[in-house]
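Numbered according to the numbering used here, the sequence shown spans residues 23 to 189. Where is the CB? At the ideal position from N, CA and C, for every residue including glycine. One structure below.
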Amino acid sequence: MSDQPAAAERSCGSCTLCCKLFPVPELDKPAGRWCRHIAQGRGCGIHLTRPPVCRAFWCQWIENPDLGPEWKPEVAKFVLSIYPGSNSLAVTVDPASPASWRREPYLSSLRRFAAAALAQGDQVIVFRGDHGTAVLPEGEVELGRILPGDSIVTLRRGADYAVEVRR
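Structural data, given as structure tokens:
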């Protein structure tokens, strides 16, 4: 939940999915489990004193006014964010709805986002726990387990792209 006002002046409202999906080391909270400080449907119970990792997180539904209400994480069942250290789009999926990103209008939109991202040297990566899938304009590439320190590399092969994990 960002301290920066969004272009669309959106608020999280009842959405708290980021509080489930992402790890918060300062709170010993693992990824994929609800934070003990969450007030379901109301937000963070320690919002004013939340850890820096929570303060630094920017949900793309909040930040990007071009994303309609169907992209709100509690509706979509995944959170869009910018992958740390890059301009790549991370799609972090709720483990309770692992195929949510494959539904429409999401999959066709993610493929369009991937085309734009690849043209700039960036990527669209779907994360289901520690497993990743690269979204390409014409399909997906299963990347398998992504470990801390791994690099996700996009290679151009003629008019096509290949994506791989380098350890």
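Indicate the three-state DSSP secondary structure (helix, strand or coil) for residue i in the structure shown.
| i | result |
| --- | --- |
| residue 181 | coil |
| residue 51 | strand |
| residue 164 | strand |
| residue 186 | strand |
| residue 29 | With a pLDDT of 45 at residue 29, under the threshold of 50, the modelled position of this residue cannot be trusted; read the value that follows with caution. Residue state, collapsed to three classes: coil. |
| residue 35 | coil |
| residue 118 | coil |
| residue 56 | coil |
| residue 124 | helix |
| residue 24 | Low confidence applies to residue 24: its pLDDT is 44, below 50, so where it sits in the model is not reliable, and the reading given next is rough at best. Correct three-state label for residue 24: coil. |
| residue 70 | helix |
If I measure Cβ to Cβ from residue i and keep anything under 8 Å in the same chain, skipping five residues before and after, which residues do I get?
| i | result |
| --- | --- |
| residue 29 | Low confidence applies here, because residue 29 scores a pLDDT of 45, under 50, leaving its location unreliable and the question unanswered by this model. |
| residue 187 | 154, 165, 166, 168, 172, 173, 174, 175 |
| residue 89 | 82, 83, 102 |
Quick one: give me the first and last residue of the beta strand (DSSP E) that residue i is part of.
| i | result |
| --- | --- |
| residue 146 | 146 to 150 |
| residue 104 | 100 to 104 |
| residue 111 | 111 to 115 |
Pull up the DSSP beta-bridge partners for residue i, would you.
| i | result |
| --- | --- |
| residue 156 | 147, 163 |
| residue 61 | 65 |
| residue 174 | 187 |
| residue 46 | 51 |
Between which two residues does the alpha helix (DSSP H) holding residue i run?
| i | result |
| --- | --- |
| residue 83 | 82 to 85 |
| residue 140 | 128 to 141 |
| residue 77 | 74 to 78 |
Here's a check: name, in chain order, each residue in its chain whose Cβ is nearer than 7 Å to the Cβ of residue i, leaving out the five neighbours to either side.
| i | result |
| --- | --- |
| residue 62 | 38 |
Which same chain residues end up closer than 6 Å to residue i when comparing Cβ atoms and leaving out the 5 residues on each side of it in sequence?
| i | result |
| --- | --- |
| residue 99 | 116, 119, 122 |
| residue 189 | 172 |
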